[in-house]
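Position 2 of the sequence shown, counting from 1, maps to 2 under UniProt numbering, and the rest follow consecutively. No residue lacks a Cβ here, since even glycine has one placed at the ideal position from N, Cα and C.
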Amino acid sequence: MAMQEYDKLKELLANNKKWPMPYMFKFIVPNVEGRVQQVVELLPKHGNVTYNHTKNLKYVSVTCRVSMKSADAIIEITSKVAKIDGVMSL
1 MAMQEYDKLK ELLANNKKWP MPYMFKFIVP NVEGRVQQVV ELLPKHGNVT
51 YNHTKNLKYV SVTCRVSMKS ADAIIEITSK VAKIDGVMSL
């Protein structure tokens, strides 16, 4: 995700005046070399994480529903996960 995309996300999140707020992280992760675990380790520990595999098991959808304290906290997690090779952020 390019920096301007984070700026757009931050702007959208800034419109929310009530923090903390519920947020849903969603990533599509290649099902190879422990990448799913890498993503999960970066997600908030108090979140509810669910998984959904594609039919051919090549990818795993990782969803985390969690209460977040700020837009910056959301962007920090999203940017760290985006650095993992092959991960797509939704």
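- Unbroken alpha helix (DSSP H) stretches of 4 residues or longer found wholly inside the segment 4-84: 35-42 and 71-82, given in chain order.
- In this structure, Ala82 sits away from Leu13, with a CB-CB distance that is not shorter than 7 Å.
- Only exposed fits Leu57, as fewer than 16 other CB atoms lie within 10 angstroms of its CB.
- Taking C-alpha positions only, His46 is separated from Phe25 by approximately 13 Å.
- With fewer than 16 other CB atoms across the displayed protein chains lying within 10 angstroms of its CB, Val32 is exposed.
- If you check the CB distance, Val29 and Val39 come in under 7 Å.
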